[in-house]
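The structure appears below as C-alpha cells.
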Amino acid sequence: MKIAIIGRPNVGKSTLFNRLIGKRKALETSIPGTTRDQNRAITHWAGQELELIDTPGIKSPNPQETTALRELETSILKQSERASAEADVIIYLIDFQTGPMSEDYELIKKLRRQKNKPIILAVNKADKINEQAEAQKYVKLGLGEASPLSAKSGLGANRLLDRVISFAPAKKEKTVVETPRLPKIKIALVGKPNVGKSSLFNALLQEEQVVVSPLPHTTRDTNDTTIFYREHELVLIDTAGLRKKARIYESDQIEIFSVQATLQTIKKADIILLLTEAAIVPTVQDLKISKLITDNLRGLIIVANKWDTVAEKTTTTMAHYRTEFYNQFRSLDWAPLIFTDVRVPRQGRIWGLDQKYLGEVAATARGKRSTGANPLHQLLDLALAIHQNQSRWLTTEQLKNFIHWAAKKHAPPICNNRRPRIISFEQVGTIPPTFQLTLPSRITLPEHYLNYLKNSLQTQFSFWGTPIHLLCRSPKRKN
C-alpha cells in the first residue's frame, strides 16, 4: 500500500515522513524547497506494510526566474504529480500556523480529479483543533475531518496511521512458500556535482525517479530504489554531488547535510559507481572521492559519463582516456572503467568494458532472467560480478600455495636483523575479501610489501572490482 505525503513547501512533509518511518532519512531544514526528489521508505503499522513517499513542496514555476530554474521547478512539480498518481492514499499536509491558503484549494482541486483515491487532510504543528472557527477553515477544503498532529514531537502520528490503514484492502489468505532470499546489494552513484549521477540513476530504472537539471547541486537527499534484477535484490542509491570542502559555505545548511548523507552512503554501500566526465581530465576532487571509497573498502566501478560530449573521437580516444586515468589513479588499477552516455531521458548506452572482464560478467548473467532490454543493464551485470568477487572464499590449499609463491618471488624485507617468517596466511572474511598474516612477535612488514601481497592476490585470483583487506597479527602467547 503506497501513501504519498503532498503539500505546499515547508509545511513539514519531510519531518512527518521521518516521524512515520521512525528514522531520519529525508533531509529536514526550515528552508522552503529543501526537498526536490521523491524519498521512499517501507514501514509497518497494525500488520500492514506501507510504502511512504515524501514529495517536494508543490508550487507553480515563477515566470520571472531564469529558464533553467523554471525547468527545474517544472521537473520538481512532476515528481509530486507522479507520486500522487502512483499512491493508494494521499496525506495532504497543511501548516496550522498559516492555515489553508489559496494554493491549497487549487492543489486539492487537482488531487480530487483522481477518482476514488482517498485523501486524508493532516494539519501539522498543532496539538488539536477544537475551536469551531478554526475547524471551519479545514472543513471548507472539502476533505472532511482534519487530523491534527505535531510531526516534530510525534503527537497524533499514530492516529494518522490508523486512518491510513482504514483504507487498506482486506487481506487475502495466502499460502506462503518460504524461499531463500539473497542478501541485498547496495549500489551507490557518487561523484562531483553535475556529472550525470541522477541521469544515470533514471536511465537504469527507466523512469524519471529523480529530478535532472543542468544546475549544479540539484540533488540534495540520497534517494534509494529497490529493484529485482537477475534474481538479486539491488538497492540503487543516487547521492548529492561532492565538491571541494573549501567551496562549501558554513551557512549552507542544506549542502552540509547533503554531503554528510553522501559520506554515510559511501560507508554503507557494497559497490560504488564513481562518475566522472569523459570530456574532462580527472581532477584532484575525483582523486579525493576515490580515496574516500577505497578507505572504506567498497567495491568500485569507474564510470566516465557524457561520452557523447567528447569532441573529435577516434578509434584510440577511449584507450587514451583509460591510460591517462590509470596513470593518475594508479591505486585504482583493480577497478573496471566504462564509458556511458545517458543524455536521452530514460535511456543510455555503455561502451569500453575491458575484454578481461567480459567472460566473468557473461558467466554472472548466464541462465538468469533480465528485466527488459536496457543496454545499461550490462553495468548491473558488472556490479553482480564484482559482488561475487567480494563474496569469494579461497581454499586453504590455494592460500598456502600463494604465500609460498609470493615469498619466493619477493622475500619479506629484513626486520630486526632477520628475515621475517610468515607463520600462516588465511582468509578471515568477505565483502571485502579479508586475509590475515600471522608473523612472529615484534616483527612487522613494511607497507610496500603488504601492497605487493594485495596486488598479487588481486592478479592471481582475479579479485577485480574489489579492494583487498590485509591484516597482520602475532600468535597468542601461551600462559
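First residue of the sequence shown? That's 93 in this note's numbering, and the numbers climb one at a time after it.
Don't be surprised by glycine CBs; every beta carbon is placed ideally from N, CA and C.
{"Item": "Residue range of the unbroken alpha helix (DSSP H) whose run includes S245", "Value": "No alpha helix (DSSP H) holds S245; DSSP gives it neither H nor E."}
{"Item": "Contacting residues, own chain, Cβ-Cβ under 7 angstroms from A498 (five flanking each side not counted)", "Value": "L545 and S548"}
{"Item": "Reduced DSSP category for E323 - H, G, I as helix; E, B as strand; rest coil", "Value": "coil"}
{"Item": "Among Q528, R390, N419 and L542, the one whose alpha carbon lies nearest that of N481", "Value": "R390"}
{"Item": "Selected residue, minimal CA-CA separation from D316, among R322, T331, E323 and H324", "Value": "T331"}
{"Item": "D425 versus L367: straight-line alpha-carbon distance, rounded", "Value": "16 angstroms"}
{"Item": "Residues that DSSP places opposite H561 in a beta bridge", "Value": "T526"}
{"Item": "Which of helix, strand or coil DSSP assigns to V231", "Value": "helix"}
{"Item": "Pairwise C-alpha distance: T526 and I506", "Value": "25 angstroms"}
{"Item": "Collapsed DSSP secondary structure at K207 in the structure displayed", "Value": "coil"}
{"Item": "CA nearest to the CA of D187, picked from L144, D196, A179 and D180", "Value": "D196"}
{"Item": "Sufficient close CB pairs (3 or more, under 8 angstroms) joining the region 102 to 120 to the region 272 to 290", "Value": "no"}
{"Item": "Assumed close pair P428, I381 - CB separation to whole angstroms, cut-off 8 angstroms", "Value": "That pair is no contact at about 17 angstroms."}
{"Item": "Given 8 angstroms, three or more beta-carbon pairs between the region 402 to 420 and the region 359 to 373", "Value": "yes"}
{"Item": "Opening and closing residue of the beta strand (DSSP E) in which N397 lies", "Value": "G391 to N397"}
{"Item": "Nearest-angstrom Cα separation, counted from I560 out to S554", "Value": "11 angstroms"}
{"Item": "Closest residue to K115 among L144, G139 and A138 (Cα-Cα distance)", "Value": "L144"}
{"Item": "Close beta carbons around K94, own chain, < 7 angstroms, minus the five adjacent residues each side", "Value": "E143, I145, E178, A179 and D180"}
{"Item": "Three-state class that DSSP yields for D425 in the structure shown", "Value": "coil"}
{"Item": "N- and C-terminal bounds of the beta strand (DSSP E) containing V520", "Value": "S516 to G521"}
{"Item": "Contact under 8 angstroms by Cβ, D433 with K398", "Value": "yes"}
{"Item": "Residue from D254, L472, T147 and G444 whose Cα sits closest to the Cα of R100", "Value": "T147"}
{"Item": "Sequence-distant residues of the same chain with beta carbon closer than 6 angstroms to I319, five excluded per side", "Value": "L326"}
{"Item": "Opposing strand residues paired with A133 [DSSP bridges]", "Value": "L144"}
{"Item": "Residue environment, R511, which counts as buried when at least 16 other CB atoms sit within 10 Å", "Value": "exposed"}
{"Item": "Selected residue, minimal CA-CA separation from I98, among R174, P538 and V402", "Value": "R174"}
{"Item": "Close beta carbons around W556, own chain, < 6 angstroms, minus the five adjacent residues each side", "Value": "W426"}
{"Item": "V453 burial status per 10 Å Cβ neighbour count (16 or more: buried)", "Value": "buried"}
{"Item": "Residue burial classification, L296 (beta-carbon count within 10 angstroms, cutoff 16)", "Value": "buried"}
{"Item": "F553 in three-state terms, based on DSSP", "Value": "coil"}
{"Item": "Helix, strand or coil at D387 [DSSP, three-state]", "Value": "helix"}
{"Item": "Residues that DSSP places opposite L185 in a beta bridge", "Value": "G99 and A214"}
{"Item": "8 angstroms contact criterion, which A96 and K117 should meet: CB distance rounded", "Value": "Actually they are not in contact, since the Cβ atoms of A96 and K117 sit about 16 angstroms apart, beyond 8 angstroms."}
{"Item": "Own chain residues within Cβ distance below 7 angstroms of A262, not counting five before or after", "Value": "none"}
{"Item": "T500 to R513 span [Cα, whole Å]", "Value": "Looking at the sequence provided, one finds Lys at residue 500 rather than Thr. Distance between the alpha carbons of K500 and R513 is about 12 angstroms."}
{"Item": "Pair within 8 angstroms by beta-carbon distance, L537 and H324", "Value": "no"}
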